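Participant:
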Amino acid sequence: MEKQLTDHPAGTDSAPPGALAAEPPEQANCLDRLLEEASDHLQLQMLLIETAAGNEQADLGLIARAYHFAAARHTGQTRKSGEPFMQHCVEVARILAQMRLDSTTVAAGLLHDVLEDTPVTIEEIGVEFGPEIAGLTDGVTKIERFQYESREKRQAETYRKMLLSMVKDIRVILVKFADRLHNMRTLDHVDEEQQMRIARETTEVYAPLAHRLGLARIRWELEDRSLKYADPEKYAEIRDKVAMKRGEREAYIEEFKAPILAELKRNSIDVEIAGRPKNFYSIYTKMASRGKPFEEIYDLTAVRIIVNSVRECYHALGLIHTLYHPVPDRFKDYIATPKTNMYQSLHTSVIGPRGLSVEVQIRTREMHHTAEIGIAAHWRYKSGEGSESGDFDRHMNWMSQVLDWQRDESDPAEFMENLKIELYQDEIFVFTPMGDLHQLPLGATPVDFAFAIHTDIGLHCLTAKMNGQIVPLSTALSSGDTVEIVTSSHQNPGQAWLDFVKTAKARHSIGRWLKEEWYAHSVRLGQQMLEGELKRYRKRVESDLLDTVAQELGLADGEHLYAGIGSGDLSVTRVVNQLIPDSPKRRIRPTMKDGRGIRIQGMNDMMIHFGKCCTPIPGDTVVGLMTRGRGISIHRTDCPNSADITEDPERLVDVEWDLEEDRSFAVQLLVRSTDRKYLLSDIARVISDIGANIRSTSTTTVDHLAKQTFWIDVRDTQQLQAVIRNLTAVEGVTQVLRDEPDLSSTA
Ligand code: MN
Numbered sequence: 018m019e020k021q022l023t024d025h026p027a028g029t030d031s032a033p034p035g036a037l038a039a040e041p042p043e044q045a046n047c048l049d050r051l052l053e054e055a056s057d058h059l060q061l062q063m064l065l066i067e068t069a070a071g072n073e074q075a076d077l078g079l080i081a082r083a084y085h086f087a088a089a090r091h092t093g094q095t096r097k098s099g100e101p102f103m104q105h106c107v108e109v110a111r112i113l114a115q116m117r118l119d120s121t122t123v124a125a126g127l128l129h130d131v132l133e134d135t136p137v138t139i140e141e142i143g144v145e146f147g148p149e150i151a152g153l154t155d156g157v158t159k160i161e162r163f164q165y166e167s168r169e170k171r172q173a174e175t176y177r178k179m180l181l182s183m184v185k186d187i188r189v190i191l192v193k194f195a196d197r198l199h200n201m202r203t204l205d206h207v208d209e210e211q212q213m214r215i216a217r218e219t220t221e222v223y224a225p226l227a228h229r230l231g232l233a234r235i236r237w238e239l240e241d242r243s244l245k246y247a248d249p250e251k252y253a254e255i256r257d258k259v260a261m262k263r264g265e266r267e268a269y270i271e272e273f274k275a276p277i278l279a280e281l282k283r284n285s286i287d288v289e290i291a292g293r294p295k296n297f298y299s300i301y302t303k304m305a306s307r308g309k310p311f312e313e314i315y316d317l318t319a320v321r322i323i324v325n326s327v328r329e330c331y332h333a334l335g336l337i338h339t340l341y342h343p344v345p346d347r348f349k350d351y352i353a354t355p356k357t358n359m360y361q362s363l364h365t366s367v368i369g370p371r372g373l374s375v376e377v378q379i380r381t382r383e384m385h386h387t388a389e390i391g392i393a394a395h396w397r398y399k400s401g402e403g404s405e406s407g408d409f410d411r412h413m414n415w416m417s418q419v420l421d422w423q424r425d426e427s428d429p430a431e432f433m434e435n436l437k438i439e440l441y442q443d444e445i446f447v448f449t450p451m452g453d454l455h456q457l458p459l460g461a462t463p464v465d466f467a468f469a470i471h472t473d474i475g476l477h478c479l480t481a482k483m484n485g486q487i488v489p490l491s492t493a494l495s496s497g498d499t500v501e502i503v504t505s506s507h508q509n510p511g512q513a514w515l516d517f518v519k520t521a522k523a524r525h526s527i528g529r530w531l532k533e534e535w536y537a538h539s540v541r542l543g544q545q546m547l548e549g550e551l552k553r554y555r556k557r558v559e560s561d562l563l564d565t566v567a568q569e570l571g572l573a574d575g576e577h578l579y580a581g582i583g584s585g586d587l588s589v590t591r592v593v594n595q596l597i598p599d600s601p602k603r604r605i606r607p608t609m610k611d612g613r614g615i616r617i618q619g620m621n622d623m624m625i626h627f628g629k630c631c632t633p634i635p636g637d638t639v640v641g642l643m644t645r646g647r648g649i650s651i652h653r654t655d656c657p658n659s660a661d662i663t664e665d666p667e668r669l670v671d672v673e674w675d676l677e678e679d680r681s682f683a684v685q686l687l688v689r690s691t692d693r694k695y696l697l698s699d700i701a702r703v704i705s706d707i708g709a710n711i712r713s714t715s716t717t718t719v720d721h722l723a724k725q726t727f728w729i730d731v732r733d734t735q736q737l738q739a740v741i742r743n744l745t746a747v748e749g750v751t752q753v754l755r756d757e758p759d760l761s762s763t764a
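If you read the sequence shown in my numbering, its first letter stands for residue 18, the second for the next number, and so on.
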């Protein structure tokens, strides 16, 4: 047998012989008889022993029948290694038996390749073994049967197929994982191209799904074995270095755990302490993503403490924190709040001997089993039920809910339906181009995905490609999508992003960024407004005085005073009156003639909005209206709503155009004409000849009198005047108006 890959205990050969002693006599008799009958089949004997060891109610007769059925059909077939094909089927079944799964699943493991590789039909299996096993073998076979044009498609399809198969019976996936695991264990025998393809698919599809289902042990082995083929050199380096460091690490853990053991013993807590297994692949990805050498990654030492009850978990945590100083902010309570893959544990980091930080995980035996085999625990045979079920049920988690449904649902179909909803209703699984999986809530968008990768990627996310196609940032992603984010240092979040993001992380980060940005803009705007206003009195702002006035108004300092003015919370007039108590009351002028207003384009768009009622463009005389929390809205002084606008003169702000940037503005034109052929195309040509752009147009014609509405983009009033002049000269045009009182604005 090949040397075990990681230094966690071997998955194979792990049947505790002691377990047999506890067998009830009937099964022991049955096992003895079957072992005798299988004297020529060493592999079957091992499988029977392992199945019986893990499950005292296992139907061993069924296992033996399935073995002989499959062995007869696969006779003469060999694998690439030259070994009999049946060996693969038994190894797959053994992996399932070692997970202590039910006999049905183990039998399906034996039969998983008969539909694919022999003439046996699903009906025959149904007749021989019943519909459950037939359904499982059929499900496993169906996942296999796909041809894909591209890697992305294959990945998405395989993923989708796996999800769909799970909906029928999650055990299909467990058999499929066992199959893949054994194929990975024997991958040396296939050619290099196939090795690469299978290794890649394993990291991209199987390992992430194993993670989601909490199949931690299978996931580690799949990842480590894939790495061996994907990057043989790095794999060998990590393997050798881990081996070299092993003695050192074990000695340290001994030193670390001695006082813990003593203290727990004094408190009568029965405990098992072990170093945490090292996953080569996770060391590898950390080295790659952090760009650090092995030595810096590997220094992290971790121990796992297994106790008997939830109460003991917290008790042990308290004792450990009195022995070693906890590292602040590293404590996580996954017992009270389990991870979505059912994982439960207490996590803490403490300062161990010689000042090294040590990660400690504390959990019950039950939690430990669930942590290793995840969802498989549901089909697992449990002895001594009840010993922990009190604690287990008290702490609400996904697993106990599932078990509750099973108790309540007499209809297995309904149970599976509930399980499906619980598993997938609220979550989607999306891949990076490198094949990393991210779990997101339903409806999540590329922006959520970008923030899930890294906050900086989210904050500068410019465009997104979904399965190779550019899509709007607000697109809802689906499971299996591969998403690529293009970032730009000039891109920043917009208020609109908050309308479509679904994750708390994205919402929080965008909100915080906008708040900081809004504050900075408010300070700048407030400063400009106050300075502009004071110039009228030929005064300058003195910072000492400003701070004093700020404090009189209940604000921290001058900067907050500016922010208050800029955000519209504080009127500039009030501040001026405070600064210059005997200032003559001045009439508010609608616009400045001497060009000292707020420079419109100098401000970020965040602070400036153009009134939809009057669509001002450069060249129009305009006035700004301070709106609370939305910055300044700009209106023409002849805005149809000007009565509303000037109602509160304290809110008026002098503004001026600033045309440094090349930008166009939308205006509406009304053109009346006597209708004729080619009229519209003549009008359109006139507009575009001047360099303006038509956004939209609508025409109504009554008795050959046409009334056309155009939304056009212009630079300024000069260009608009040119358009109006030239349109008036078009044959048939009788009137051109910029806007008409009864024109409704389009948002
Ligand atoms: Mn197979």
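We treat Cβ as the ideally placed atom computed from N, Cα and C, and that holds for glycine. No experiment lies behind these values; they were computed from the predicted model shown.
Which residues in the same chain have their Cβ closer than 7 Å to the Cβ of K349, if we skip the five residues on either side of it in sequence?
Facilitator: The sequence position of residue 349 within the sequence shown is 332, counting from 1. Cβ neighbours of K349 beyond the five flanking positions: H364.
Participant: Using the C-alpha atoms, what's the distance from T714 back to V753?
Facilitator: Here residue 753 corresponds to residue number 736 of the sequence shown, with the count starting at 1. Here residue 714 corresponds to residue number 697 of the sequence shown, with the count starting at 1. Between V753 and T714, the C-alpha separation is close to 14 Å.
Participant: According to DSSP, simplified to helix, strand and coil, what is D248?
Facilitator: Start at 1 with the first residue of the sequence shown, and residue 248 comes out as number 231. In this structure, D248 counts as coil in the three-state DSSP scheme.
Participant: Between the C-alpha atoms of Q735 and V670, what's the straight-line distance to the nearest angstrom?
Facilitator: Taking the sequence shown and counting its residues from 1, the one referred to as residue 735 is at position 718. Taking the sequence shown and counting its residues from 1, the one referred to as residue 670 is at position 653. Computed Cα separation, rounded: 24 Å.
Participant: Three Cβ pairs or more, each shorter than 8 Å: is that satisfied between the segment 275-290 and the segment 225-241?
Facilitator: Touching, no.
Participant: In chain order, what are the residue ranges of uninterrupted alpha helix (DSSP H) at least 4 long that sit wholly in the segment 563-600?
Facilitator: 575-583 and 589-596
Participant: Give me, in chain order, the residues of the same chain whose beta-carbon lies closer than 7 Å to that of P450; leave out the 5 immediate sequence neighbours on both sides.
Facilitator: For the purposes of this step, residue 450 is identified with residue 433 of the sequence shown, where counting begins at 1. Around P450: T499 and E501.
Participant: Counting C-beta neighbours from all protein chains within 10 Å, is the total for S526 16 or more, i.e. buried, or is it exposed?
Facilitator: Taking the first residue of the sequence shown as position 1, residue 526 is located at position 509. With 16 or more other Cβ atoms within 10 Å, it is buried.
Participant: Kindly indicate the opening and closing residues of the beta strand (DSSP E) around K482.
Facilitator: Indexing the sequence shown from 1 puts residue 482 at position 465. Segment C478 to M483, the beta strand (DSSP E) holding K482.
Participant: Per DSSP, which one or two residues make a beta bridge with D730?
Facilitator: To locate residue 730, count along the sequence shown from 1; it is residue 713. Beta-bridge pairing links D730 to A683 and N710.
Participant: Give me the Cα-Cα distance between I390 and R647, rounded to the nearest whole angstrom.
Facilitator: Start at 1 with the first residue of the sequence shown, and residue 390 comes out as number 373. Start at 1 with the first residue of the sequence shown, and residue 647 comes out as number 630. Computed Cα separation, rounded: 53 Å.
Participant: Could you check if D155 belongs to the surroundings of ligand 1, using beta carbon to heavy atom distance under 6 Å?
Facilitator: In the sequence shown, counting from the first residue as 1, residue 155 sits at position 138. It does not: the Cβ of D155 is nowhere closer than 6 Å to a heavy atom of ligand 1.
Participant: Could you tell me the alpha carbon to alpha carbon distance between V747 and D675, rounded to whole angstroms?
Facilitator: Against the sequence shown, residue 747 aligns to sequence position 730. Against the sequence shown, residue 675 aligns to sequence position 658. Approximately 33 Å between the Cα atoms of the pair.
Participant: Per DSSP, T691 forms a beta bridge with which residues?
Facilitator: Here residue 691 corresponds to residue number 674 of the sequence shown, with the count starting at 1. Partner(s): L722.
Participant: Can you tell which of E67, E133 and G71 has its C-alpha closest to the C-alpha of K107?
Facilitator: Against the sequence shown, residue 107 aligns to sequence position 90. In the sequence under discussion, the amino acid at residue 107 is Val, which differs from the Lys named in the question. Considering only alpha carbons, the answer is E67.
Participant: By how many angstroms is the C-alpha of D473 removed from the C-alpha of V503?
Facilitator: Counting from 1 along the sequence shown, the entry for residue 503 is found at position 486. Counting from 1 along the sequence shown, the entry for residue 473 is found at position 456. Straight-line Cα distance between these residues: approximately 12 Å.
Participant: Regarding D498 and ligand 1, is the C-beta to nearest heavy atom distance less than 6 Å?
Facilitator: Here the question's residue 498 lines up with position 481 in the sequence shown. Checking the Cβ of D498 against ligand 1 gives no.
Participant: Considering L454, what are the terminal residues of the beta strand (DSSP E) in which it resides?
Facilitator: If you number the sequence shown from 1, residue 454 lands on position 437. Where L454 is concerned, the enclosing beta strand (DSSP E) stretches over L454 to P458.
Participant: I think V109 touches G93, with their Cβ atoms under 8 Å apart; what is that distance to the nearest whole Å?
Facilitator: Taking the first residue of the sequence shown as 1, we reach residue 109 at position 92. Taking the first residue of the sequence shown as 1, we reach residue 93 at position 76. Not really, about 19 Å apart at Cβ, beyond 8 Å.
Participant: Give the single residue among G708, Q685 and R742 whose Cα lies nearest to the Cα of K724.
Facilitator: For the purposes of this step, residue 724 is taken as residue 707 along the sequence shown, with counting starting at 1. It is Q685 whose Cα lies nearest to the Cα of K724.
Participant: With DSSP as the reference, label M63 as helix, strand or coil.
Facilitator: Working through the sequence shown from its first residue, we reach residue 63 at position 46. DSSP places M63 in helix when its eight states are reduced to three.
Participant: Considering T387, what are the terminal residues of the beta strand (DSSP E) in which it resides?
Facilitator: Within the sequence shown, numbered from 1, the residue matching residue 387 stands at position 370. Run containing T387: none in the beta strand (DSSP E); it sits in the alpha helix (DSSP H), R382 to I390.
Participant: When you compare the CB positions of E534 and V593, do they come within less than 7 Å of one another, or not?
Facilitator: As a position in the sequence shown, residue 534 is number 517, starting the count at 1. As a position in the sequence shown, residue 593 is number 576, starting the count at 1. No, the Cβ-Cβ distance between E534 and V593 is not below 7 Å.
Participant: Residue range of the alpha helix (DSSP H) that F517 falls in?
Facilitator: Within the sequence shown, residue 517 is the residue found at index 500, counting from 1. Unbroken alpha helix (DSSP H) run through F517: W514 to F517.
Participant: In chain order, what residues place their C-beta within less than 6 Å of a heavy atom belonging to ligand 1?
Facilitator: H105, H129, D130 and D196
Participant: Only counting runs of 3 or more residues, tell me where the beta strand (DSSP E) segments fall wholly within the segment 62-142, in order along the chain.
Facilitator: none
Participant: So, for L563: in the same chain, excluding its five sequence neighbours on each side, which residues have a beta-carbon less than 7 Å away from its beta-carbon?
Facilitator: Taking the sequence shown and counting its residues from 1, the one referred to as residue 563 is at position 546. So the qualifying residues of the chain are G575 and L578.
Participant: Alpha carbons only, please: which of A353, Q361 and Q378 is nearest the one belonging to R347?
Facilitator: One-based indexing of the sequence shown puts residue 347 at position 330. It is Q378.
Participant: Looking at chain B, is there any beta carbon in it that lies within less than 7 Å of the beta carbon of V288?
Facilitator: Reference to chain B is not applicable here, since this structure consists of a single protein chain.
Participant: Just grab the DSSP bridge partners of Q544 for me.
Facilitator: Within the sequence shown, residue 544 is the residue found at index 527, counting from 1. Beta-bridge pairing links Q544 to no other residue.
Participant: Could you name the residues of the same chain whose beta carbon sits closer than 6 Å to that of Q212, not counting the 5 residues immediately before and after it, in chain order?
Facilitator: As a position in the sequence shown, residue 212 is number 195, starting the count at 1. Cβ neighbours of Q212 beyond the five flanking positions: L204 and Y246.
Participant: Tell me which same chain residues have a C-beta within less than 7 Å of the C-beta of H721, skipping the five on either side of it?
Facilitator: Translated into positions along the sequence shown, residue 721 becomes position 704. Counting only Cβ-Cβ distances below 7 Å, and skipping sequence neighbours, we find T691 and D692.
Participant: Can you tell which of V688, T717 and T716 has the C-alpha that lies nearest to the C-alpha of V703?
Facilitator: Start at 1 with the first residue of the sequence shown, and residue 703 comes out as number 686. When only C-alpha atoms are compared, the closest one is V688.
Participant: So what's V753 in DSSP terms, helix, strand or just coil?
Facilitator: As a first step, residue 753 must be located in the sequence shown, where it is residue number 736. If DSSP states are grouped into helix, strand and coil, V753 belongs with the strands.
Participant: Could you check where the beta strand (DSSP E) with E210 kicks off and where it finishes?
Facilitator: Counting from 1 along the sequence shown, the entry for residue 210 is found at position 193. It is not in any beta strand (DSSP E) - E210 instead sits in the alpha helix (DSSP H) that spans E209 to E218.
Participant: Measuring only the C-alpha atoms, how far is L64 from R529?
Facilitator: Start at 1 with the first residue of the sequence shown, and residue 64 comes out as number 47. Start at 1 with the first residue of the sequence shown, and residue 529 comes out as number 512. Roughly 58 Å between the two C-alpha positions.
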